[in-house]
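Student:
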Amino acid sequence: MNPQELQSILSHGLLSFPVTDFDAAGDFNPAGYVKRLEWLAPYGASALFAAGGTGEFFSLAASEYSQVIKTAVDTCATSVPILAGVGGSTRQAIEYAKEAERLGAKGLLLLPHYLTEASQDGVAAHVEAVCKAVNIGVVVYNRNVCRLNADLLERLAERCPNLIGYKDGLGDIELMVSIRRRLGDRFSYLGGLPTAEVYAAAYKALGVPVYSSAVFNFVPKTAMDFYHAIARDDHATVAKLIDDFFLPYLDIRNRKAGYAVSIVKAGAKLAGYDAGPVRTPLTDLTAQEYEMLAALMDKMGPQ
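If you want it as structure tokens, here you go:
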């Protein structure tokens, strides 16, 4: 799959980020991960991102990263494209990128570099170096310390033919509009704010109809129902699902920092696909919060 073919795939449909399975000791559990991917793949996501933010990329050792990506690629070879999360310092990100390409990932999601603040030119150089290290398509994730503007993205688009996507995790509408208007169809555009469904209607109005769903990990039917309602401008269904599920879900998610990942793993466990605990520095939901989430999922019915 060349980068332009991947761009076409990412320009339509729902995307998701499977959680990474750990056993009781906190080690990668490939059997559980295979079971999860086989469960999720038939629901109709356009692509799955292995070892992304929801997949706890930040907590994986390099050897585990290779296992996660290989397991995802091998399991989904005939069903759905796998993109691999990469990040860290420039040299680390390049190593991860080359390994993901070697293992057969169809593309990469370039997560923000680690910790240090940097100039716009420095961040652009980082993105360019990663893009030029591989031949597969790259999606850059504007979030936290990565805040590329339209001028720099245009420059990167000229220099890096395989930079084919832009994911927004900032929620800066002025910046999003300027990027979308400047770059046009050069990129595929992905909504990437936590619990992206809450923002989906607004982003569709900006010309960004595609987003990544974390809740697809445990209520995949509900996630697809919501996506289709957004696509057909079914405002009544969108409003009902936001009121009945997403706003109460946010009430639980917002209780602690890091719960955007923890609550997804809790949901997966409640759905019968236990992915094990989150790794520190994240913390799992309390027993009371599990009960609250279970009641919310019950309202959504069988998946």
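Residues in the sequence shown are numbered consecutively from 1132, following our numbering. Don't be surprised by glycine CBs; every beta carbon is placed ideally from N, CA and C. No experiment lies behind these values; they were computed from the predicted model shown.
(1) Tell me which residues share the same chain as Gly1206 and place their Cβ nearer than 7 Å to its Cβ, disregarding the 5 neighbours each side in the sequence.
(2) Starting from Ile1310, follow the alpha helix (DSSP H) in both directions and report where the run begins and ends.
(3) Would you identify the three-state DSSP class for Asp1429, choosing helix, strand or coil?
(4) Within the continuous alpha helix (DSSP H) that includes Asp1282, where are the two ends?
(5) What residue does the alpha helix (DSSP H) around Tyr1342 start on, and which one ends it?
(6) Can you tell me where the beta strand (DSSP E) with Ile1295 in it begins and where it stops?
(7) Assign Phe1189 to one of three DSSP states: helix, strand, or coil.
(8) Determine the contact status of Leu1214 and Ala1264, defining contact as a CB-CB distance below 8 Å.
(9) List the DSSP bridge partners of Arg1363.
(10) For Ile1394, which of Ala1362, Asp1282, Gly1186 has the nearest alpha-carbon?
(11) Alpha carbon to alpha carbon, how far is Val1341 from Tyr1380?
(12) Any idea which residues DSSP pairs Asn1273 with across the strands?
(13) Which residues in the same chain have their Cβ closer than 8 Å to the Cβ of Lys1430, if we skip the five residues on either side of it in sequence?
(14) I believe Leu1314 touches Glu1289 by the beta-carbon criterion, under 8 Å. Please report the beta-carbon distance rounded to the nearest angstrom.
(15) What is the residue span of the beta strand (DSSP E) that Gly1216 lies within?
(16) Among Gly1398, Leu1427, Arg1278, whose alpha-carbon lies nearest the alpha-carbon of Asp1415?
(17) Return the residue from the list Leu1306, Asn1348, Tyr1297 that minimises the CA-CA distance to Gly1323.
(18) Are the segment 1146-1160 and the segment 1273-1282 touching by the rule of at least three beta carbon pairs closer than 8 Å?
(19) Can you name the residues that DSSP bridges to Phe1153?
(20) What are the partner residues of Ser1319, as DSSP defines its beta bridges?
(21) Expressed to the nearest angstrom, what Euclidean distance is found between the alpha-carbon atoms of Val1261 and Glu1422?
(22) From the DSSP output, which residues share a beta bridge with Ala1178?
(23) Under a Cβ-count criterion, where at least 16 other Cβ atoms within 10 Å of its own Cβ denotes burial, should Val1271 be classed as buried or exposed?
(24) Pull up the CB-CB distance for Leu1294 and Phe1349, whole angstroms please, since I reckon it's below 8 Å.
Tutor: Well, looking at it:
(1) Per the sequence shown, residue 1206 should be read as Thr rather than Gly. The residues are Val1165, Leu1168, Glu1169.
(2) 1304-1314
(3) helix
(4) 1281-1290
(5) Note, Tyr1342: premise wrong, no alpha helix (DSSP H); beta strand (DSSP E) at 1341-1344.
(6) 1294-1299
(7) helix
(8) no
(9) Beta-bridge pairing links Arg1363 to no other residue.
(10) Gly1186
(11) 21 Å
(12) Asp1299
(13) Asp1375, Phe1376
(14) Rounded, the Cβ-Cβ distance is 11 Å, inconsistent with contact.
(15) 1213-1217
(16) Gly1398
(17) Tyr1297
(18) no
(19) Phe1159
(20) Gly1296
(21) 43 Å
(22) Leu1146
(23) buried
(24) 32 Å between Cβ atoms; not a contact.
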